[in-house]
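One rule links them: number in my numbering = place in the sequence shown (from 1) + 40.
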Amino acid sequence: MPVILITGASSGIGAALAQHYAALGTTLVLNARGPERLEAVAEACRRKGAAVETRALDVRDRDGVRAWIDDVAGRIGLDLVVANAGVNGGHPDGGLETEETALLVYDVNLMGALNVALPAVALMAARGRGQIALISSLAAYAPLPDAPAYSGTKAALLAHGLALREKLAPTGVRMNVVCPGYVKTAMGADYEGWRPLEMSAEAAAKRIAKGLARDEAVVAFPAALAAAARGAGLIPESWRRLGMRGFSFRMSERQQR
């Protein structure tokens, strides 16, 4: 009777993961900031037989998130936690990312993810079992000049997650880092630029679930783009910079809300 907690579950990868895991006997604990879209996802999961509870909460609220995690773990336990909530960075004119945008991205993507993951780490380590997935990005390997804060947060999640994975191994807790490429989501649609090998959120959710079931340290996909991103760090810097020019983009005005 697995209990799966997913943040950022009102759309995109989070919503696709919720619906992928939704089944009779599964309990889903879903989070997002906006209650309306979140409840729509929850209802779709209930129709597939899952028991679902929702919580509208900003992951930047450290005390609120900790209290929520403690409450869920105390009442029904936690088997899998997916720290997925995140935002884009960048600039609508393709210019320099503003200080305000950069700090917001760090607060949500990095600190927000850790606000969810670290209380779960402590609870699961004490219990001796559980699994935590941090949603990073292939930008962790190949930083995007037009999204420095986004790339930085995803690189930090990759490093932090892999270090914790080694430390947690003796406790029976599994830590995984997910590094997707381009995925068709509402957030992804804010990027106005080249998006090679883009896949649907549903296909991404299936690949993530498969990787987590296999306990892959890093669930990176699609394979060709992941290999290119990882290889970018092994070539001369001048070559890497030249290759990254093809990935320049600007943010749509809709992102600046």
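Just so it is clear, CB atoms sit at the ideal spot from N, CA and C, and this is done for glycine as well.
- Query: For N155, does the three-state DSSP call read helix, strand or coil?
  - Reply: Counted from its first residue, the sequence shown places residue 155 at position 115. It is helical.
- Query: Pairing CB atoms from the region 132-143 with CB atoms from the region 156-167, are three or more of them under 8 Å?
  - Reply: no
- Query: Apart from the five residues on each side of it in sequence, which residues of its chain come closer than 8 Å, Cβ to Cβ, to E238?
  - Reply: Looking up residue 238 in the sequence shown gives position 198. G221, Y222, V223, K224, G228, listed in sequence order.
- Message: Rounded to the nearest angstrom, what separates G170 and G65 at their Cα positions?
- Response: Residue 170 sits at position 130 when you count from the first residue of the sequence shown. Residue 65 sits at position 25 when you count from the first residue of the sequence shown. Computed Cα separation, rounded: 17 Å.
- Query: Apart from the five residues just before and just after Q204, which ones in its own chain have a Cβ nearer than 6 Å to its Cβ?
  - Reply: Here residue 204 is taken as the residue at index 164 of the sequence shown, counted from 1. Residue 204 is actually Leu in this sequence, not Gln. Only M215 meet the Cβ criterion.
- Counting contacts by CB-CB distance shorter than 8 Å, is A72 in contact with chain B? The structure shown contains no chain B; it is built from a single protein chain.
- Message: Within 8 Å, do at least three Cβ pairs link the region 57-77 to the region 92-102?
- Response: yes
- Message: List, from N- to C-terminal side, the alpha helix (DSSP H) runs of 4 residues or more that fit wholly inside the region 199-281.
- Response: 241-253, 263-272
- Anyone know if the C-beta pair for R100 and M151 falls short of 8 Å? On the sequence shown, residue 100 is found 60 positions in, with the first residue counted as 1. On the sequence shown, residue 151 is found 111 positions in, with the first residue counted as 1. Their beta carbons are under 8 Å apart, which means R100 touches M151 by this criterion.
- Of all the options R247, R270, L265, R235, which has the alpha carbon lying nearest to the alpha carbon of V259? Counting from one through the sequence shown, the residue named residue 259 turns up at place 219. The option with the nearest alpha carbon to V259 is R247.
- Span separating the alpha-carbon of H200 from that of L174: Against the sequence shown, residue 200 aligns to sequence position 160. Against the sequence shown, residue 174 aligns to sequence position 134. Answer to the nearest angstrom: the Cα atoms are 9 Å apart.
- Message: Please give me, in chain order, every unbroken run of the beta strand (DSSP E) with length at least 3 that falls completely inside the region 59-119.
- Response: 67-72, 91-96
- Query: Alpha carbon to alpha carbon, how far is R297 from A272?
  - Reply: Working through the sequence shown from its first residue, we reach residue 297 at position 257. Working through the sequence shown from its first residue, we reach residue 272 at position 232. Legend: pLDDT at R297 = 27, less than 50; position of this residue unreliable, value from coordinates given subsequently. Distance between the alpha carbons of R297 and A272: 33 Å.
- Task: Inspect the CB distances between the region 106-117 and the region 73-85 and report whether three or more fall short of 8 Å.
- Result: no
- Hey, how far is the Cα of I275 from the Cα of A267? Residue mapping note: residue 275 aligns to position 235 of the sequence shown, counting from 1. Residue mapping note: residue 267 aligns to position 227 of the sequence shown, counting from 1. So the two alpha carbons sit approximately 13 Å from each other.
- Excluding sequence positions up to five away, which residues of its chain have a Cβ less than 6 Å from the Cβ of A187? In the sequence shown, counting from the first residue as 1, residue 187 sits at position 147. Cβ within range, chain order: G129, G130.
- Query: If you check the beta carbons only, do A157 and V121 fall under 8 Å apart?
  - Reply: Residue mapping note: residue 157 aligns to position 117 of the sequence shown, counting from 1. Residue mapping note: residue 121 aligns to position 81 of the sequence shown, counting from 1. In contact: A157 and V121 (Cβ atoms closer than 8 Å).
- Task: Please confirm whether P42 and D111 have their CB atoms less than 8 Å apart.
- Result: The residue you call residue 42 lines up with position 2 of the sequence shown. The residue you call residue 111 lines up with position 71 of the sequence shown. No, the pair does not count as a contact, with Cβ atoms beyond the cut-off.
- In angstroms with no decimal places, state the Cα-to-Cα distance between I172 and A253. Here residue 172 refers to the residue found at position 132 when the sequence shown is read from its first residue. Here residue 253 refers to the residue found at position 213 when the sequence shown is read from its first residue. Cα-Cα distance, rounded: 12 Å.
- Task: Check the DSSP bridge columns for I53 and list the partner residues they point to.
- Result: As a position in the sequence shown, residue 53 is number 13, starting the count at 1. None; I53 has no bridge partner.
- Just to confirm, are A180 and V148 a CB contact at a threshold of 8 Å? As a position in the sequence shown, residue 180 is number 140, starting the count at 1. As a position in the sequence shown, residue 148 is number 108, starting the count at 1. Result no, Cβ atoms of A180 and V148 do not sit closer than 8 Å.
- Query: Out of curiosity, what's the CA-to-CA distance linking A153 and A196?
  - Reply: By 1-based counting over the sequence shown, the position of residue 153 is 113. By 1-based counting over the sequence shown, the position of residue 196 is 156. If I take the Cα positions, the gap works out to 11 Å.
- Straight-line gap, L202 to P210 (C-alpha atoms, nearest Å): If you number the sequence shown from 1, residue 202 lands on position 162. If you number the sequence shown from 1, residue 210 lands on position 170. About 14 Å.
- How long is the line joining the alpha carbons of P183 and E277, rounded to whole angstroms? Residue mapping note: residue 183 aligns to position 143 of the sequence shown, counting from 1. Residue mapping note: residue 277 aligns to position 237 of the sequence shown, counting from 1. When rounded, the distance between both Cα atoms is 12 Å.
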